[in-house]
C-alpha cells in the first residue's frame, strides 16, 4: 500500500507569501513516519517537508472544504524552500482553483522557467461550502 499524507489547501496567496493565522512563523506538522492508513491533520496554511522526499509509491492527498464565498485557492508542491520575495526555482505542481470562471489551472516550474498552463478538465469539481479531495 502506498504511503499517503493529507495536506489542507491554503485560501489565497500573493506571490509565494501565504497568509498566516495567529503568528508570523509557518506552522509545521509532525514529520515522523505516519502509521499505516493514518491521515495527518495539518494547520492551514501548511508549509513543511515531505519526510524522505517524494518516492515511487508515495502519494500526497489534499483534503479541504471550500469557503462559502470562494474566489480562489492555491496548492503548490515545491522542490526546496523559497522566501516571501523569491519562490523556489523548482515547483513540481502549482494548482490554482478559480471559482469565478470555474477553472482549475495547473503548471510546473523547472530551473526558474514556468511551463505551459494546463486548463483541461472535464468538469469543475469544486462546490462552495463542500469538502473536496485532490488525490
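Residue numbers (the UniProt record's numbering): 1 to 135.
Idealized CB from N, CA, C, for every residue including glycine.
Check your understanding: residue 124 to residue 132, Cα distance in whole Å?
Key -> 12 angstroms
**Study point:** C-beta atoms of residue 62 and residue 127 nearer than 8 angstroms
**Key:** no
Review point. Is residue 117 near the ligand MG, with its Cβ less than 7 angstroms from a heavy atom?
Key: Annotation note on the ligand MG: not contained in the displayed structure, which lists no ligands.
Review point. Can you tell me whether DSSP reads residue 135 as helix, strand or coil?
Key: coil
Review point. For residue 56, does the count of other Cβ atoms within 10 angstroms reach 16, so buried, or fall short, so exposed?
Key: Burial is judged here by how many other beta carbons sit within 10 angstroms of a residue's own beta carbon; residue 56 has fewer than 16 and is exposed.
Check your understanding: Exposed or buried, what is residue 37 when buried is set at 16 or more other beta-carbons lying within 10 Å of its beta-carbon?
Key -> Note on residue 37: pLDDT 45, under 50, position unreliable in the model; the coordinate value appears next. Counting Cβ neighbours within 10 Å, residue 37 comes out exposed, since fewer than 16 surround it.
Review point. What do you get for residue 102, buried or exposed, if any count of 16 or more other CB atoms within 10 angstroms of its CB means buried?
Key: Classification for residue 102: exposed.
Exercise for review: Please report the residue range of the beta strand (DSSP E) in which residue 142 lies.
Suggested key: Residue coverage of the chain in this structure runs from 1 to 135, which leaves residue 142 outside it and unanswerable.
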